[in-house]
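Peer 1: Residue numbers (numbering that gives the first Met the number 0), protein chains in the order written: chain A, 0 to 335; chain B, 0 to 335; chain C, 0 to 335; chain D, 0 to 335.
Protein chains: 4
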Amino acid sequence: MIIVFEPKATEAQVQHVFERLQEWGFTPVLQEGEQISIAITGDSSALRTQTLEAFDGVQKAVRLKEAYKLVSKEFKPEGTVIELGDVKIGGKKLLMIAGPCSVETEEQYVSTARAVKKAGAQVLRAGIYKPRTSPYDFQGVGERGFPWLKKAKDETGLPLCAEVLDVASIAKTKDHVDMYQVGARNMQNYDLLRALGKGGKPVLLKRGLSGTIKELLLAAEYIMSSGNHDVMLCERGIRTYETATRFTLDIGAVPVLHHDTHLPVIVDPSHPAGKRSLVGSMAKAGVAAGADGLIVEVHPEPEKAWSDAAQQLTFDQFEQLMAELKPVAQAVGREL
Amino acid sequence: MIIVFEPKATEAQVQHVFERLQEWGFTPVLQEGEQISIAITGDSSALRTQTLEAFDGVQKAVRLKEAYKLVSKEFKPEGTVIELGDVKIGGKKLLMIAGPCSVETEEQYVSTARAVKKAGAQVLRAGIYKPRTSPYDFQGVGERGFPWLKKAKDETGLPLCAEVLDVASIAKTKDHVDMYQVGARNMQNYDLLRALGKGGKPVLLKRGLSGTIKELLLAAEYIMSSGNHDVMLCERGIRTYETATRFTLDIGAVPVLHHDTHLPVIVDPSHPAGKRSLVGSMAKAGVAAGADGLIVEVHPEPEKAWSDAAQQLTFDQFEQLMAELKPVAQAVGREL
Amino acid sequence: MIIVFEPKATEAQVQHVFERLQEWGFTPVLQEGEQISIAITGDSSALRTQTLEAFDGVQKAVRLKEAYKLVSKEFKPEGTVIELGDVKIGGKKLLMIAGPCSVETEEQYVSTARAVKKAGAQVLRAGIYKPRTSPYDFQGVGERGFPWLKKAKDETGLPLCAEVLDVASIAKTKDHVDMYQVGARNMQNYDLLRALGKGGKPVLLKRGLSGTIKELLLAAEYIMSSGNHDVMLCERGIRTYETATRFTLDIGAVPVLHHDTHLPVIVDPSHPAGKRSLVGSMAKAGVAAGADGLIVEVHPEPEKAWSDAAQQLTFDQFEQLMAELKPVAQAVGREL
Amino acid sequence: MIIVFEPKATEAQVQHVFERLQEWGFTPVLQEGEQISIAITGDSSALRTQTLEAFDGVQKAVRLKEAYKLVSKEFKPEGTVIELGDVKIGGKKLLMIAGPCSVETEEQYVSTARAVKKAGAQVLRAGIYKPRTSPYDFQGVGERGFPWLKKAKDETGLPLCAEVLDVASIAKTKDHVDMYQVGARNMQNYDLLRALGKGGKPVLLKRGLSGTIKELLLAAEYIMSSGNHDVMLCERGIRTYETATRFTLDIGAVPVLHHDTHLPVIVDPSHPAGKRSLVGSMAKAGVAAGADGLIVEVHPEPEKAWSDAAQQLTFDQFEQLMAELKPVAQAVGREL
């Protein structure tokens, strides 16, 4: 952190800030020169630039390094590889998570599990709880779906990824799923993040609709600092003024995240696309940009789906997508 | 809802959609003309346009009315007036909620309570839990602050408004505060909203950083449909590309909300301002635009505040703000 | 400008930047301390932080002051008052510019001129050129409207404000209008800005749909540095994700601009509103926030308007708006 | 266009709209049913939904088809292939436009021309005019650069692509360049677009910082309807709240544009990246998403560049990028 004073700042103003910093337990160093400044030695992550700029005489406070600790590249330069049974996430082989938006019926679910397994997916979406904008929309089958999840897993061997909406569901689903997903609306639900930090299973953390990359990383920091280092970050489109797509896939977030953190980065092409004809291009872009995996919605009869009908792929479309993704993965030195 | 078919849509395609709608329990009406369309009689709030547009032959599905029920102006054309002790929210008299961003110490809190009471505030902020972007930032004093809350209330008689971050806190704070606040990050934390619907106290629901007005209203619908009709909506600035202010105060949301809903609308000028020199203009704009109240951050020594240092007003500044707001309130037919 | 080096930057890297700055004609000053930095004495407005951050060893370059010169508050702390005939813009009395979106016919135009004059407007909109998103939309009556402009001015004495879309129109309209408007789409049409800098008439410069406040000020700097200091800045709503209003009126821009510049600030409530029922609230908010004037669309029969039909006020509505605005203006120490 | 009336709309209100539409020259067809509506037969592109929604009794006006004519896929389903000398744009082979952000000196320019030619580029950037946010920034070498352009072209045979900022420059550069570029700030400079419609050379039209896909297509419609059908559309990143990249590359725009129009789509990875380490990922994503070409900034010594220093690639980096792009192009059935 560097705090730069206005040219006309008085000695007393500088002194005042200096002493306050000492009181707060920091080690300020005065830097004289054309414009007087104070540098802070050591960790200043708890200080906010806004707080410093509220002092009289301060022109600008500049954070030189983000407040990332456990998520930062420096913490683990070699990159994290998460193990989920036999699946390794973050290595050369790309992760493919697939399945329906919502678990609806046993038949719908188990048939989808078989189809995505056959096409090459390694993890199965297990959406039994659905966060919905309107209280009158379908809210998921809930625990009623547990036997169907079991059947799908028994038949295919695919580990299950379930979104949890609240702390209570973590315990409820503990024995029924293999990894958790935090949806976009809950990226800053800190209560939930802390509980997942103690949840003992890998977490797929989705970026909020208007979450910055920095906020996404600090949300991951909540999980990691609570004890769980198996976190995947998911770019799923952000909210912008453009309405031609459901959300704007921020493809640049992929290399930015790979630069800032050691955590694996997953791209969700289904939600930004909003309709199935756009999913393929976005999926290929995600792989080409360097994503470590994708999460894709697949349904036996999308038009009958209880949620996200327009963006789910049919079995055939998913199989074709997998075939198209293979050469793109190879082109960037990965495998699918 | 009207579903318009493409000019070249086949009869079979139209028939297919018609039957599906009937199966789902709706009452479709075929409308022939230049372009065939299907209108849906009665409540179609559970249908998504996206689902309908996924059918072959459909050109566009148009929702003619939003899925609002309890929040809608039609439900209560005369407007809601919430009673909080002697305070009436939504009537001629404007509501002024004030107090520090965070409860820090007994002295800081009680002195602020006295000052804002004296200046004319009717409700006291009681921020004991703080949602913070970084896990390493100050997270609020928590239950440790209960005695200070009591003392402040005993001395001033002001009812207390506390943000709750999770379901558990509702029960914990039940006997200590008078109304709840849902922060911007939690606008779509449905678990929390439902619990507040049964919480028995008025709720101030803040708009999310990238929440649409429609989503804000549907979030309120979650609370109301769970049993609690005492909801205030709060415009507190949205996230845009502009960084000259902390957030962009969407002043147009005030008349839009007054058009769509009977619920009181509160403006928070402190968070969009981000620095105290901008709070006054935004507060006056909020009142002039028709807000039913304001929520403002006040601190005995803002530069020492543990959070939001730059945007909190001093006691003197708050007193001056109240003086400046009075004639603006009168100019638009309100009282302060 | 301060350039901060990484803790591990080598002496050679620092030396390299230092010399490059000297070559470029700046006066760098080395500041040693916890983290080495270089401050630049004197004017560094031509340097971009991005350029500096491209050097090896540089951690961050921070501009301490924006590159504003002529537009800056420092340049003219007392505030600019523009004289347009008898009208004074930027003083205690608020400016009211009103008139139809487009000049359509003689009768439509002259009747509107009379009505807005009667209601208290001081300047008349004179939209003869219309920038339109589609080439197939009505593009304005063009020079054909000159006689109608003359008649309206002769009858009412109101000075005329016309949007110009290109350099050629400045000369063409020279003898027919009294001030120019730069529309939102042209905020960064530098060719046009420079020409208006030599145009000899006051300019109302509208903020672009996604223009930052900084870019707006630098656009004004283009006009001023070309010789014309009579510039008004106009906040007219920015493009965000919210679609409930046509644009999001950035009300916070009013106090920010008043802080940064001496130029008068005008608010356009018509375009962000998008429909007439919202214009009043936004207009009042603009005045309460401290705007020096408003620009409002008025039409004899809005539903027949050739452009912006939904947001234009009728004569009666405009008269009522003026009546409602008066007490708000007084409440903030202004006159209307 | 379909105009749906409110359930309580009176017959007189419906009749009124019907007659007005006839007066305006449209062919309205009344559609009775659950909710009365009026469909408009034939071309209704000149009508705005906003205008219709301003009538009493109208609940919603819905455009069923966008107002695209010449740019629409229907107009030319087979896709446009633009010929620029030997270069074919829009076919199987991808277009690579490369070169410095600004033409600076003869040596800088000619050496870059040689390097990008050698690496496989087919068109050379020829930035002699530079639109700059501040009037005090470097504004391009202007016509002084013509001899350098000639030399570069003579040596390499590469056709030249130059941004034009105003109508006058089209004539000035006519004999010196081979295709024109419209920069993001000028996407809606209709005067310029119309002039380019008569300019006789292919045009690369960049999307505005906050331009919607629809506005981009209508801007192209301006050029095409003025006589020039050789238009390429360029996605170059949009302005959002995220600041980790300079702009947010809207990768989803590529498939959306390919769906809506027959015009070739070019991706600019340099401007959204903002720094060279991110250019590669974005370039690969662009190709994988289906772009017909890329435009990339290359400079002999980026750190000495007079503009966009941080995002330009060195010669070696560009050569490496070309090598990395080849397999990605092949993976999606294209050549580079």
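Beta carbons are placed, not taken as given, at the ideal position from N, Cα and C, and that holds for glycine.
Thinking just about the alpha-carbon of each residue, which of Val57/C, Tyr108/C, Arg62/C and Ala53/C is nearest to the one in threonine 339/C?
Peer 2: There is simply no residue 339/C to check, as chain C begins at 0 and stops at 335 in what is shown.
Peer 1: Would you call the segment 264-275 of chain D and the segment 235-249 of chain D touching, i.e. three or more CB-CB distances under 8 Å?
Peer 2: As far as the Cβ criterion goes, the segment 264-275 of chain D touches the segment 235-249 of chain D, which means the pair count is three or higher.
Peer 1: Please list the segments of the alpha helix (DSSP H) lying wholly inside the segment 62-123 of chain A, counting only runs of 4 or more residues, in order along the chain.
Peer 2: For the segment 62-123 of chain A, whole alpha helix (DSSP H) runs of length 4 or above, ordered along the chain, are 105-118.
Peer 1: Using the three-state DSSP reduction, which class does leucine 217/B fall into: helix, strand or coil?
Peer 2: Here residue 217/B refers to the residue found at position 218 when the second sequence is read from its first residue. Leucine 217/B: helix per DSSP, three-state reduction.
Peer 1: Could you tell me which uninterrupted beta strand (DSSP E) segments, each at least 3 residues in length, are contained entirely in the segment 259-315 of chain B, listed from first to last along the chain?
Peer 2: Here the runs fully enclosed are 264-266 and 292-296.
Peer 1: Does any C-beta atom of chain B lie closer than 9 Å to the C-beta of arginine 47/A?
Peer 2: As a position in the first sequence, residue 47/A is number 48, starting the count at 1. So, interface residue.
Peer 1: Looking at the unbroken beta strand (DSSP E) that takes in serine 36/B, where does it start and where does it end?
Peer 2: The sequence position of residue 36/B within the second sequence is 37, counting from 1. Unbroken beta strand (DSSP E) run through serine 36/B: 36-40.
Peer 1: For valine 102/D and tryptophan 147/D, what's the separation of their Cα atoms in angstroms?
Peer 2: As a position in the fourth sequence, residue 102/D is number 103, starting the count at 1. As a position in the fourth sequence, residue 147/D is number 148, starting the count at 1. In a straight line, the C-alpha of valine 102/D is about 9 Å away from that of tryptophan 147/D.
Peer 1: Quick one: what's got a C-beta closer than 8 Å to glutamine 187/C's C-beta in the same chain, skipping five residues either side?
Peer 2: Numbered from 1 along the third sequence, position 188 holds the residue referred to as residue 187/C. Contacts found: Gly207, Gly210, Glu214 and Ala218.
Peer 1: Comparing the C-beta of aspartate 267/D with each C-beta of chain C, is any distance below 9 Å?
Peer 2: Here residue 267/D corresponds to residue number 268 of the fourth sequence, with the count starting at 1. Not one chain C Cβ lies under 9 Å of aspartate 267/D.
Peer 1: Using a Cβ cut-off of 9 Å (strictly closer), state whether valine 16/D contacts chain B.
Peer 2: Locating residue 16/D in the fourth sequence gives position 17, counting from the first residue. Not one chain B Cβ lies under 9 Å of valine 16/D.
Peer 1: Less than 8 Å between the CB atoms is what I'm expecting for tyrosine 240/A and arginine 238/C, so what's the real figure, rounded?
Peer 2: For this step, residue 240/A is matched to residue 241 along the first sequence. For this step, residue 238/C is matched to residue 239 along the third sequence. About 5 Å; that satisfies the 8 Å criterion.
Peer 1: Between which two residues does the alpha helix (DSSP H) holding alanine 170/C run?
Peer 2: Along the third sequence, one-based indexing puts residue 170/C at 171. 166-172 is the extent of the alpha helix (DSSP H) around alanine 170/C.
Peer 1: Enumerate in chain order the residues of its own chain whose CB-to-CB distance from valine 202/D is below 8 Å, with the five nearest sequence positions on each side excluded.
Peer 2: The count along the fourth sequence starts at 1 and reaches residue 202/D at position 203. So the list reads Met178, Tyr179, Gln180, Val181, Leu195, Ile222, Asn227, Asp229, Val230 and Met231, once near-sequence residues are dropped.
Peer 1: Taking leucine 320/A as the reference, give the member of Thr132/A, Gly24/A, Val3/A and Gly119/A with the closest Cα.
Peer 2: Walking along the first sequence from the start, residue 320/A turns up at place 321. It is Gly119/A whose Cα lies nearest to the Cα of leucine 320/A.
Peer 1: Assign leucine 216/A to one of two classes, buried (16 or more other C-beta atoms within 10 Å of its C-beta) or exposed (fewer than that).
Peer 2: Residue numbering aside, residue 216/A sits at position 217 when the first sequence is read from its first letter. With 16 or more other Cβ atoms within 10 Å, it is buried.
Peer 1: Any beta carbon of chain B sitting closer than 9 Å to that of isoleucine 1/C?
Peer 2: Numbered from 1 along the third sequence, position 2 holds the residue referred to as residue 1/C. Judged by the 9 Å Cβ criterion, isoleucine 1/C is not in contact with chain B.
Peer 1: Using DSSP with H/G/I as helix, E/B as strand and the rest coil, what is glutamate 323/A?
Peer 2: Translated into the one-based positions of the first sequence, residue 323/A becomes position 324. Glutamate 323/A falls in the helix class under three-state DSSP.
Peer 1: Tell me, which residues are paired with phenylalanine 4/A by DSSP?
Peer 2: Translated into the one-based positions of the first sequence, residue 4/A becomes position 5. In the DSSP output, where bridge partners are listed per residue, phenylalanine 4/A has Val57/A.
Peer 1: For glutamine 12/A, collect the residues of the same chain with a Cβ closer than 6 Å to its Cβ; drop the 5 residues on either side in sequence, then sort them by chain order.
Peer 2: In the first sequence, counting from the first residue as 1, residue 12/A sits at position 13. Excluding sequence neighbours, glutamine 12/A sits near Asp55 and Gly56.
Peer 1: Under the assumption that threonine 155/A contacts lysine 116/A (Cβ atoms under 8 Å), give the Cβ distance between them as a whole number of angstroms.
Peer 2: The sequence position of residue 155/A within the first sequence is 156, counting from 1. The sequence position of residue 116/A within the first sequence is 117, counting from 1. Indeed they touch by this definition, with Cβ atoms about 4 Å apart.
Peer 1: Would you mind working out which of Ser280/A, Glu234/A and Val253/A sits nearest glycine 251/D, comparing C-alpha positions?
Peer 2: By 1-based counting over the fourth sequence, the position of residue 251/D is 252. Minimum Cα distance to glycine 251/D is reached at Ser280/A.
Peer 1: Residues of the segment 147-180 of chain C in Cβ contact with chain B at a cutoff of 8 Å, in chain order, please.
Peer 2: Cβ contacts with chain B come from no residue of the segment 147-180 of chain C.
Peer 1: Please report the distance separating the alpha-carbon of glutamate 142/A from that of glutamate 10/B.
Peer 2: Taking the first sequence and counting its residues from 1, the one referred to as residue 142/A is at position 143. Taking the second sequence and counting its residues from 1, the one referred to as residue 10/B is at position 11. Cα to Cα, the separation comes out at about 41 Å.
Peer 1: Would you verify that the beta carbon of tyrosine 67/A is, or is not, closer than 9 Å to some beta carbon of chain D?
Peer 2: Your numbering for residue 67/A matches position 68 in the first sequence. No, tyrosine 67/A does not count as interfacial toward chain D.
Peer 1: Is the beta carbon of leucine 293/D sitting closer than 9 Å to the one on glycine 89/D?
Peer 2: Indexing the fourth sequence from 1 puts residue 293/D at position 294. Indexing the fourth sequence from 1 puts residue 89/D at position 90. Cβ distance not < 9 Å, so leucine 293/D and glycine 89/D don't count as in contact.
Peer 1: Does DSSP put proline 134/B in a helix, a strand or coil?
Peer 2: Numbered from 1 along the second sequence, position 135 holds the residue referred to as residue 134/B. Proline 134/B: coil per DSSP, three-state reduction.
Peer 1: Counting C-beta neighbours from all protein chains within 10 Å, is the total for leucine 29/D 16 or more, i.e. buried, or is it exposed?
Peer 2: The residue given as residue 29/D occupies position 30 in the fourth sequence. It counts as exposed.
Peer 1: Is any beta-carbon of chain D found at less than 9 Å from that of valine 13/B?
Peer 2: Counting from 1 along the second sequence, the entry for residue 13/B is found at position 14. It does not; no Cβ of chain D falls within 9 Å.
Peer 1: Where does glutamine 329/A fall in DSSP's three states?
Peer 2: Along the first sequence, one-based indexing puts residue 329/A at 330. It is helical.
Peer 1: Just confirm the distance between the C-beta atoms of leucine 83/B and proline 158/B, as a whole number of angstroms; I'd bet it's less than 8 Å.
Peer 2: Translated into the one-based positions of the second sequence, residue 83/B becomes position 84. Translated into the one-based positions of the second sequence, residue 158/B becomes position 159. About 5 Å separates the two Cβ atoms, so the contact holds.
Peer 1: Mind checking lysine 283/B: buried by the 16 CB within 10 Å criterion, or exposed?
Peer 2: Residue mapping note: residue 283/B aligns to position 284 of the second sequence, counting from 1. By the 10 Å Cβ count, lysine 283/B comes out buried.
Peer 1: What is the C-beta distance between isoleucine 2/D and leucine 51/D, in whole angstroms, given that I count them as a contact (C-beta under 8 Å)?
Peer 2: What you label residue 2/D is simply residue 3 of the fourth sequence in a count that begins at 1. What you label residue 51/D is simply residue 52 of the fourth sequence in a count that begins at 1. Contact holds; Cβ gap of about 5 Å.
Peer 1: Quick check: the segment 93-113 of chain B against the segment 70-78 of chain B, are there 3 or more CB pairs under 8 Å?
Peer 2: Too few Cβ pairs lie closer than 8 Å, so no.
Peer 1: Between serine 225/A and proline 134/B, is the Cβ-Cβ spacing less than 9 Å?
Peer 2: For the purposes of this step, residue 225/A is identified with residue 226 of the first sequence, where counting begins at 1. For the purposes of this step, residue 134/B is identified with residue 135 of the second sequence, where counting begins at 1. For serine 225/A and proline 134/B, yes; Cβs fall inside 9 Å.
Peer 1: Assign proline 27/A to one of three DSSP states: helix, strand, or coil.
Peer 2: Residue 27/A sits at position 28 when you count from the first residue of the first sequence. Strand, per DSSP.
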